[in-house]
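Undergrad: Can you read through this structure? Questions will come right after.
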Amino acid sequence: MGIDTSELDKVLVVDFGAQYAQLIARRVREAHVYSEIVPHTITAAQVAARRPAAVILSGGPKSVHQEGAPLPDPAILELGVPTLGICYGIQVIAQQLGGVVDRSGRGEYGRTTLSLASDPAGSPPSVLFDRVPPAFDVWMSHFDAVVEAPPGARVTASTPGAPVAAFEDQRRGIYAVQFHPEVAHTDGGQQMLESFLYEVAGCRPTWTTTSVIDASVEAVRAQVRKERIICGLSGGVDSAVAAALVHKAVGDQLTCVFVDTGLLRAGEAQQVEATFRGQFDIDLVHVKAAERFLGGLNDIADPERKRKIIGETFIRVFEEAAADLGDARFLVQGTLYPDIIESGTEDAARIKSHHNVGGLPEDMHFELVEPLRNLFKDEVRAVGEELGLPGEIVWRQPFPGPGLAVRIVGTVTAERVEILRAADAIVTEEIRRAGLYRQLWQSFAVLPVVRTVGVQGDERTYAHPVVIRAVTSDDAMTADWARLPYDLLERLSSRIVNEVPGVNRVALDITSKPPGTIEWE
Ligand code: XMP
109 MGIDTSELDK
119 VLVVDFGAQY
129 AQLIARRVRE
139 AHVYSEIVPH
149 TITAAQVAAR
159 RPAAVILSGG
169 PKSVHQEGAP
179 LPDPAILELG
189 VPTLGICYGI
199 QVIAQQLGGV
209 VDRSGRGEYG
219 RTTLSLASDP
229 AGSPPSVLFD
239 RVPPAFDVWM
249 SHFDAVVEAP
259 PGARVTASTP
269 GAPVAAFEDQ
279 RRGIYAVQFH
289 PEVAHTDGGQ
299 QMLESFLYEV
309 AGCRPTWTTT
319 SVIDASVEAV
329 RAQVRKERII
339 CGLSGGVDSA
349 VAAALVHKAV
359 GDQLTCVFVD
369 TGLLRAGEAQ
379 QVEATFRGQF
389 DIDLVHVKAA
399 ERFLGGLNDI
409 ADPERKRKII
419 GETFIRVFEE
429 AAADLGDARF
439 LVQGTLYPDI
449 IESGTEDAAR
459 IKSHHNVGGL
469 PEDMHFELVE
479 PLRNLFKDEV
489 RAVGEELGLP
499 GEIVWRQPFP
509 GPGLAVRIVG
519 TVTAERVEIL
529 RAADAIVTEE
539 IRRAGLYRQL
549 WQSFAVLPVV
559 RTVGVQGDER
569 TYAHPVVIRA
579 VTSDDAMTAD
589 WARLPYDLLE
599 RLSSRIVNEV
609 PGVNRVALDI
619 TSKPPGTIEW
629 E
């Protein structure tokens, strides 16, 4: 159960594939209006039942002329709900309302200048463009183009490659643009979206961090009442924010369980102690289980077996801790909105069994409490900051559930974990010092279990190399290796070799995903 959103002004973003819908939904929320993503198969009756203040038809990778192209129920455009079509969305609207979509043009990709249709009185031709200049740069990515607006609609803007770059039919509440207002490259894109939301659809900006917290607190109280509730803490941002929210709602009915697998980053266990026991005064069970995890991993080199062993050990340890607590009926789960979106695209093939540690078996008989299930990651962070969680937790980069074990390429020993943790701490410290920590999706050290020859002082050494892995990414599905400055690389190399015993060489991973993955295992 998440927040009760029934009374909020709500925008439904119809998903035609790729990542466009998520970006639009996030931009709408940045304008403080609640938004939800719905699959393109939604019917007009289902749309009406959700009583949206507006509908946005997203972009998508297909052409309306392609066989099997995703098309919405045409009756959605007859509902009288203010509707904005973006990119593929403008083409869908044009086609369904009797305009013409053509693929004879040359298409447009990247930045281009949008010219607004002239108006004899000199005022902007559309309320959408009220707050932008008469010509401005927009981001285009289309092959097909609308060449004729539907009957009754008025063309409000054009570009060199798109004679109908925007049209509207005020009477029916239908607005459409070929360019992408949701991307940062479109000047004034956010203002344009806001004009649609506030002026056209009459939405009120009620979706704020404070209102999110208030609504979550209310929902958790209504669900949990006077019962006891358990929250597993991982050291990451999601479980931390979920715990802080639940604590605000039900105070000492909450007990947090932190399983120290011995495979965490430097300082994580201390940070969890200091924040939850120290700052928030939450009842915290700290299970120190490093030896048990290491014992289970003895001699295991296969990555998937490591994941399985760690996942199972985690479940056993957590079950035991929960059994000691006796009477708890509820369990907090840090599910986020992107985990539950019913998307317009097929799920990507699974490359690794991302056995998320903390994904507990259903036979534990807990009822789940999911206070973050309506939120995007950036909203979770904003909530965390407002609740007073330390920046180090709120802005922590993602970390795999099996922890350092899948960054030791080969068998895991206590000594190797020590080496990797020390090298990783230097990477994090230097990346932070260079001001790059938040820009990078992940930056960390990897320890391949091989040895290389080196020379230190007058001595020949035979020790491990450490690999630096730093990537940029939006969602971990694809990633690019980060171009780290040379002076930073030099500091990393010299500090790791000098400060971490057992390491005599530093290498840099310059592989993108695909063909590599972000982790080495
Ligand atoms: P890859 O290596 O597949 O990783 O490019 C994509 C993202 O997933 C994280 N990752 C994991 N997360 N359990 C997790 O909870 C896992 O077993 C696991 N393996 C990889 C990885 O850190 C990256 O953010």
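Mapped onto the working numbering, the consecutive letters of the sequence shown carry residue numbers 109 to 629.
Every residue gets a Cβ at the ideal spot worked out from N, C-alpha and C, and that includes glycine.
Does DSSP classify residue 528 as helix, strand or coil?
TA: helix
Undergrad: Going by DSSP in three states, residue 419 sits in which element: helix, strand or coil?
TA: The answer is helix: DSSP assigns residue 419 an H, G or I state.
Undergrad: Please report the straight-line C-alpha distance between residue 239 and residue 116, rounded to a whole angstrom.
TA: 26 Å
Undergrad: With a threshold of 6 Å on Cβ separation, who are the neighbours of residue 349 within its own chain once the five nearest residues in sequence on each side are excluded?
TA: 488, 491, 492
Undergrad: Apart from the five residues on each side of it in sequence, which residues of its chain come closer than 7 Å, Cβ to Cβ, to residue 563?
TA: 569
Undergrad: Where do the N-terminal and C-terminal ends of the alpha helix (DSSP H) with residue 299 fall, by residue?
TA: 297 to 302
Undergrad: Which residues mark the beginning and the end of the alpha helix (DSSP H) in which residue 376 is found?
TA: 376 to 380
Undergrad: Is the distance from the Cβ of residue 289 to the Cβ of residue 198 below 8 Å?
TA: In this structure, residue 289 keeps its C-beta atom at 8 Å or more from the C-beta atom of residue 198.
Undergrad: Could you tell me whether the region 355 to 374 touches the region 391 to 401, using the rule of 3 or more Cβ pairs below 8 Å?
TA: For the pair of segments examined, the region 355 to 374 was found to touch the region 391 to 401: the number of CB pairs separated by less than 8 Å reaches three.
Undergrad: Measuring CB atoms only, is the region 339 to 346 touching the region 220 to 238, in the sense that at least three cross pairs come out at less than 8 Å?
TA: no
Undergrad: If distances are taken between C-alpha atoms only, which option among 243, 593, 281, 279 comes closest to residue 273?
TA: 243
Undergrad: Give the range of the beta strand (DSSP E) segment to which residue 143 is assigned.
TA: 142 to 147
Undergrad: Specify the secondary structure class of residue 585 as computed by DSSP and reduced to three states.
TA: coil
Undergrad: Rounding to the nearest angstrom, what Cα-Cα distance links residue 448 and residue 611 in this structure?
TA: 43 Å
Undergrad: Our contact map puts residue 286 next to residue 253 with C-beta atoms below 8 Å; I'd like the distance itself, whole angstroms only.
TA: 7 Å
Undergrad: Rounded to whole angstroms, what is the Cα-Cα separation between residue 317 and residue 597?
TA: 38 Å
Undergrad: Confirm, please, whether the CB-CB distance from residue 402 to residue 557 is below 8 Å.
TA: no
Undergrad: Which residues does DSSP pair with residue 364 in a beta bridge?
TA: 339, 392
Undergrad: Taking C-alpha atoms, which residue in 604, 375, 599 lies nearest to residue 574?
TA: Per the Cα distances, 604.
Undergrad: Based on Cα-Cα distance, which residue from 583, 571, 593, 626 lies nearest to residue 606?
TA: 571
Undergrad: Note down, in chain order, each residue of its chain lying with its Cβ closer than 7 Å to the Cβ of residue 302, except the 5 sequence neighbours on either side.
TA: Correct list, in chain order: 139.
Undergrad: Relative to the C-alpha of residue 259, which candidate in 246, 279, 413 has its C-alpha closest?
TA: 279
Undergrad: Quick check: residue 502 and residue 549, are their CB atoms within less than 8 Å of each other?
TA: no
Undergrad: Can you give the Cα-Cα distance for residue 293 and residue 356, rounded to whole angstroms?
TA: 39 Å
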